[in-house]
Each structure stands twice: as structure tokens, then as C-alpha cells.
Amino acid sequence: AYHLLGNDQRAWAPAELDDGVQLIELSYAARAADRVRIHETYNPGAVVRLILFDERGSVISEIPVNDPTRKAPGYLEVTFPLTKKPVAAVRVVLDTLKITGWNEIDAVELVGPAGRGWAISAHASSYYTSEHKDLVAKKK
Numbered sequence: 148a149y150h151l152l153g154n155d156q157r158a159w160a161p162a163e164l165d166d167g168v169q170l171i172e173l174s175y176a177a178r179a180a181d182r183v184r185i186h187e188t189y190n191p192g193a194v195v196r197l198i199l200f201d202e203r204g205s206v207i208s209e210i211p212v213n214d215p216t217r218k219a220p221g222y223l224e225v226t227f228p229l230t231k232k233p234v235a236a237v238r239v240v241l242d243t244l245k246i247t248g249w250n251e252i253d254a255v256e257l258v259g260p261a262g263r264g265w266a267i268s269a270h271a272s273s274y275y276t277s278e279h280k281d282l283v284a285k286k287k
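Going by our numbering, the sequence shown runs without a break in its numbering and finishes at 287.
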């Protein structure tokens, strides 16, 4: 659905409009990584930080982000030095007050020398509807 533009009920959105800091945490098959691609489908530009975790849940790196994405659909690519430990989870931090309107994310790729990976499960600080929460829970 990445290439779809606009308000997409399948994309993640926070429970409330312009509600400050929101988090999405995604789990992956662990891999060494040097970038994360965030596919933004509606009102992009609110991502302010990425936090990478290893398989034990320890923080590998916290990466400040200045999200320049303004046109949707689009993707934000955040690059960083290749991780020494495999990345098993990524927390995407958004400041929904930074960009007015519903900030929607369709997908988050974890990319490294061995290829790219898509999330195998996800949870967030809030969800626009309980339907979104139920869909994510079914993926776990």
C-alpha cells in the first residue's frame, strides 16, 4: 500500500489528531543494518528519532532524525553506520505536533548488506481505531 497516497485505513495513524509524541515499535528477523526506510502515506515529516534494539532488548543506537519528507507518498531513508550487533527491533518516534494532520505510516523496512526485511510484528503507543490494534495483534 506504500504507493497509495492519502488517508489509508490500512496505514498506522495515532489515536488522536496532533497528539504530541507517539511511538511505533517493530520487530524483525535480526540482521546487521545500515538504514531504515519509513514509508509515509499521509502528512509525512513527523519522525524525530529512531531507536535500534538488539535481540535481548538492549539499545544499540538512538538516532535523531530531521524528517524532510513533505510529499506523500514518500519515504524517509535514515542511514547510519553498519551495526555491529544484529538489529531485532526498531522504535520510530514521531512528534505529531510537528506536522499538522494525521501522520500515517504504511511500512518500515530494515536494510543491511544481506538485504531488506519487513516487520514481523508491531505495536504502537496508540492506534486510530481498535480495528488497527486488532490487525497488528493478529500478526504477532
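For glycine and all other residues, C-beta sits at the position ideal for the given N, C-alpha and C.
It should be emphasised that the depicted structure is a prediction, and the values quoted were computed from it without experimental measurement.
Item	Value
From the DSSP output, in three-state form, read off S208 for me.	strand
Give the secondary structure of S273 by DSSP, where H, G and I count as helix, E and B as strand, and everything else as coil.	coil
Mapping the DSSP letters down to three states, classify E224 as helix, strand or coil.	strand
Report the option in G192, P233, P211, K231 whose CA atom is closest to the CA atom of R217.	G192
Kindly list the residues whose CB is nearer than 6 Å to the CB of K245, restricted to its own chain and excluding five residues on each side of it in sequence; keep chain order.	A193
Does P161 pass the burial test, meaning 16 or more other C-beta atoms within 10 Å, or should it be called exposed?	buried
Quick one: what's got a C-beta closer than 8 Å to I210's C-beta in the same chain, skipping five residues either side?	R196, L197, I198, L199, V225, F227
When the distance is taken between beta carbons, is T243 closer than 7 Å to Q169?	yes
Using the C-alpha atoms, what's the distance from Y175 back to K286?	Its pLDDT being 42, under 50, K286 is placed unreliably in this model, and the value from its coordinates should be taken loosely. Near 12 Å, if we compare the C-alpha coordinates of Y175 and K286.
Determine whether the beta carbon atoms of D214 and I207 lie at a separation below 7 Å.	no
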